Amino acid sequence: MKRLTAKEEEAMALFWEKGPLFVKEMLAFYADPKPHFNTLSTVVRGLEEKGFVSHKTFGNTYQYYATVTRDDYRRGTLRGVVSKYFDNSYLGVVSSLVQEEKISVEELKQLIKQVEEGGR
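The opening position of the sequence shown corresponds to residue 4 in my numbering, with each subsequent residue numbered one higher.
Written out as structure tokens, the structure reads:
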């Protein structure tokens with residue numbers, strides 16, 4: 004799955020949360036200083052080129068909608084990180100989290116218990 008820039012992820016978050024949107028509608032959800040209409044339009048067209056959004060035509064304007072779910076993007080991004088930085092080892096990821104104290108041994112035990120109970 005292709006990677007997104009921070010600006011593209013920000014725009015995708017709007018599609019995932021709000022559903023189909025016109026670029027003009029999207030501007031209302033940005034905090035000040037809001038991006039320029041043309042800048043946001045360029046970001047959205049880039050998302051369309053990457054296959055993350057598509058559009059419906061309404062007269063001379065487009066309403067864009069997500070074609071990739073947040074979960075699919077999350078899974079693809081995680082796979083990419085594991086592949087690139089952990090030599091495709093999910094165990095290496097968990098080990099790194101424990102070593103860096105981002106997850107405690109107790110939390111890890113709780114996670115194992117949840118997985119075991121869910122697998123039954």
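We put the beta carbon where it would ideally sit given N, CA and C, even for glycine. Computed from a predicted structure; not experimentally measured.
Exercise for the section: Could you give the DSSP three-state label for Ala31: helix, strand or coil? Expected result: Residue state for Ala31 is assigned as coil, using DSSP reduced to three classes.
Handout entry: Among Met29, Lys10, Thr8, the one whose alpha carbon lies nearest that of Tyr68
Key = Of the candidates Met29, Lys10, Thr8, the one whose C-alpha sits nearest the C-alpha of Tyr68 is Met29.
Practice task
Measure the alpha-carbon distance for Val108 versus Lys87 and round it to whole angstroms.
Solution key: Between the alpha carbons of Val108 and Lys87 lies a gap of roughly 25 Å.
Handout entry: Three-state class that DSSP yields for Val118 in the structure shown
Key = In the structure shown, Val118 sits in a helix (DSSP, three-state: H, G or I).
Exercise for the section: Please say whether Lys53 and Glu11 have beta carbons closer to each other than 9 Å? Expected result: Against a cut-off of 9 Å, the Cβ pair of Lys53 and Glu11 comes out as a contact.
Problem - One or two residues paired with Tyr67 in a DSSP bridge - result: For Tyr67, which the question treats as bridged, DSSP gives the partners Leu24, His58.
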